[in-house]
Amino acid sequence: MHACAPLLQEPTSSGKINQDQEYPALLKGEKVLRKVKPDALLPAYHRAKITEVVEIPCEQRRYQNDDPQLAGRRYDAQSRICSEIVKETGVDINLTCSKTNTLTIVLTGQPDKVVAAKRSLIAELQQQINVPPPAVQGSVITITGKREGVIEAAAELQRIHEEAKLCKTIPVRVKRSQHRLVFGPRGSGLAEILGETGVSVELPTDPTSEEIILRGKPEDLGRALTMVYERAESSTVEEIHCPNRFHKLLIGKRGSALNELVSGYERVHIEFGEHQDKILLEGPPEEVGFVMERLKSRIAELEASVAMGKIRVDPKYFRHIVGRQGATILKWRENKVQIHLPSFEKGDHLAADEIVIEGDPQGV
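Under UniProt numbering, the sequence shown has 110 at position 110, and the numbering climbs by one with no breaks.
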């Protein structure tokens, strides 16, 4: 047998040199001691901040924008209260309102400050007397707060309840078109009647009902009923039949003809029915009567002086009727005649092959 050559050999001195060059030994780091001065200031310590969320449901909010007359003032009161709490506690306060009118308050700051701000916000923004809304079938009023205050509030509510038992309810029938006159701009009519008589006026939610409900003391209902009728009859609505083709003639260029008709009776509002043969007048009864007589007289003049005729023409000949750059139609206008072609727009009552000729009877 042949002797096997050794597989492992001792590394030569030259091999050690190459290995040291390719893989040098790491240097041992020297420890560096930092000298601290005895009087050196320590880094500032900041206390951790927390975030807390408070939600106040719609029925428990003290400042709500349900009354448009007080919306601005209520919003200002809520903002002022939050600003004062921010100054006192240094807590960041963010307010958001959901679709259900629930107020969400986000508080961020030091723990003890957040607790204080939360306590103040609940006391100021959350009403302590919870009255169930009309949509909820409930008759329990909840009062929260200090014992003395709760007892006092309960006694006051009981007194109001006893007085309410003496109130009577009467229904009144008023034309549906006059309900908005009783309501007034932004509910000012209802607020005026309640403020002067103490009687609440409830308008029907049913769009077909004409019944208005008055609630209050028997001795005040008569005066409130008089105010309701006065507001309802403060304006009237009248309708006049007028062919739609006369509307633009009654209005005139930039409303000049219409301004002449209502001169002296600017409180009368006139509405021309779109694609309808009628005109609506609204305003004080005595003024509406005068303007209506003027309109009827003017309509009679137009019916006597403006004739109208209709002819049917194949639409392929319309371009010949119009002429180059409208030359033919302009020529006919010299005879005080207007040519109306179908526009094919929504609301146009003309047939596709119908042409209307309107103007001076002889020219037509």
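Just so you know, even glycine gets a beta-carbon here, dropped at the ideal spot from N, CA and C.
Model, not experiment: these values are computed from the prediction.
Item: Residue 319 versus residue 330: straight-line alpha-carbon distance, rounded; Value: 14 angstroms
Item: Counted within 10 angstroms of its Cβ, other Cβ atoms place residue 355 as buried (16 or more) or exposed; Value: buried
Item: Segments assigned alpha helix (DSSP H), at least 4 residues, entirely inside the UniProt domain "K Homology" (234-300); Value: 247-251, 256-261
Item: Extent of the continuous alpha helix (DSSP H) to which residue 141 belongs; Value: Run containing residue 141: none; DSSP gives neither H nor E here.
Item: Any 3 or more C-beta pairs closer than 8 angstroms across the stretch 128-140 and the stretch 93-112; Value: no
Item: Beta-bridge pairing of residue 228 - partner residues as DSSP gives them; Value: Note: residue 228 sits in no beta bridge, so no partner.
Item: Candidates 79, 143, 96, of which the one nearest residue 132 by Cα; Value: 143
Item: Exposure label - residue 281; buried when at least 16 CB within 10 Å; Value: buried
Item: Own chain partners of residue 236 with C-beta closer than 6 angstroms, once the 5 adjacent residues on each side are dropped; Value: 285, 288
Item: Reduced DSSP category for residue 168 - H, G, I as helix; E, B as strand; rest coil; Value: strand
Item: Residue of 49, 162, 137, 152 minimising C-alpha distance to residue 106; Value: 49
Item: Buried versus exposed call for residue 68 [16 or more other C-beta atoms within 10 Å across all chains shown]; Value: At residue 68 the pLDDT is 48, less than 50, meaning the model places this residue with poor confidence; the figure from the coordinates comes in the next sentence. Exposed is the call here.
Item: For residue 182 and residue 210, believed in contact at Cβ under 8 angstroms, the rounded distance; Value: Wrong, their Cβ atoms sit about 11 angstroms apart, outside the cutoff.
Item: Stretch-stretch touch, CB-based, cutoff 8 angstroms, three pairs: the stretch 213-221 with the stretch 243-263; Value: no
Item: DSSP beta-bridge partners of residue 105; Value: 54, 95
Item: Counterpart residues of residue 212 in DSSP-defined beta bridges; Value: 172
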